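For the sequence shown, the working numbering begins at 18 and goes up steadily by one.
The beta carbon of each residue, even a glycine, is placed where N, CA and C say it ideally should be.
None of the values given here were measured: they were computed from a predicted structure.
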Amino acid sequence: ENLLAVAQESFWAKRNRSRFDVDQIDFVFLLEIGMKVLVGKERDKFMVDLIRQCSKDGFVSKRLVREAVRGPVHEEWPEEERERIVQLLFGEEDEAVGFSFPSSWSRNVHKHDQPSAKDLMHVY
């Protein structure tokens, strides 16, 4: 957990200097570290808070979505857990139109890096 504390301190110091000093890669790296060192409700809260901040800053990328859906580094979520995480982080799928990410969540990400519903699928 010391690794996570150092990563969070570095991330927030960088982010607080200027909103645009961080990018989608910074969010991905912090997500990966948190997913590796935290478990259970503590991990869930960390992921929700990070995704919320990332969407607020407009840096939700396809890589961030794929990493969150895949599971902790060197493991994979069981299918039920993957579905729970998707719902927890990204909300319910609209059965009529499928899932779509609000454009504001990715407004600072290049178009080719913006997430789509297929990034929620567990196919690698």
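In whole angstroms, what separates the C-alpha of residue i from that of residue j?
| i | j | result |
| --- | --- | --- |
| VAL54 | LEU21 | 7 Å |
| CYS71 | GLU96 | 25 Å |
| ARG124 | ILE50 | 24 Å |
| SER27 | LEU67 | 14 Å |
| GLN25 | PHE116 | 30 Å |
| PHE44 | GLY108 | 19 Å |
| LEU106 | ARG34 | 27 Å |
| LYS73 | LYS128 | 17 Å |
Considering only the beta carbon of each residue, do residue i and residue j sit closer than 8 Å?
| i | j | result |
| --- | --- | --- |
| VAL23 | ARG32 | no |
| VAL82 | PRO119 | no |
| GLU93 | ARG87 | yes |
Give me the residue from the options with the minimum Cα distance to residue i.
| i | options | result |
| --- | --- | --- |
| LYS135 | HIS127, TRP122, SER121 and VAL103 | VAL103 |
| ARG60 | ALA85, GLY75 and VAL126 | ALA85 |
Taking only runs of the alpha helix (DSSP H) that begin and end inside the segment 36-84, which ones reach a length of at least 4 residues, in chain order? If one requires a minimum length of 4 residues, the alpha helix (DSSP H) runs lying completely within the segment 36-84 are 41-54 and 57-74, in chain order.
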